[in-house]
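The sequence shown begins at 780 in the numbering used here and counts up one residue at a time. Think of the CB as a built atom: it goes at the ideal place given N, C-alpha and C, for glycine as much as any other residue. Please read these numbers as outputs of a predicted model, since none were measured by experiment. Inspection log for the structure reproduced underneath, given as structure tokens.
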Amino acid sequence: MTRDIGLKVKTPERECTDKHCPFHGSLSVRGRLFDGKVTSDKARQTITLQKESPM
780 MTRDIGLKVK TPERECTDKH CPFHGSLSVR GRLFDGKVTS DKARQTITLQ
830 KESPM
């Protein structure tokens, strides 16, 4: 069973058992959403995001 998370994103085809999955677990999506390119994911649970400048 897949939940509707309220965003226009592609839902996963397979069901997982991760309790932190927003589609199959109890995690809710909240806060700010960013659009950009991930430039680094070296640190644990942290990414560096490159966004376009409006100028």
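Quiz prompt | Own chain, CB closer than 8 Å to VAL808, minus 5 neighbours either side, in chain order | solution = Taking the sequence shown and counting its residues from 1, one reaches residue 808 at position 29. Closer than 8 Å at Cβ, skipping near neighbours: ILE784, GLY785, LEU786 and PRO801.
Quiz item: Mapping DSSP to helix, strand and coil, what is SER832?
Solution: As a first step, residue 832 must be located in the sequence shown, where it is residue number 53. Three-state result, SER832: coil.
Quiz item: With distances taken from CA atoms, which of LYS830, LEU806 and CYS795 is nearest SER819?
Solution: Working through the sequence shown from its first residue, we reach residue 819 at position 40. When only C-alpha atoms are compared, the closest one is LYS830.
Practice problem: Measure from the alpha carbon of LEU812 to the alpha carbon of each residue in MET780, VAL788, ARG782 and ASP797, then state which is nearest. | Solution: Looking up residue 812 in the sequence shown gives position 33. The option with the nearest alpha carbon to LEU812 is VAL788.
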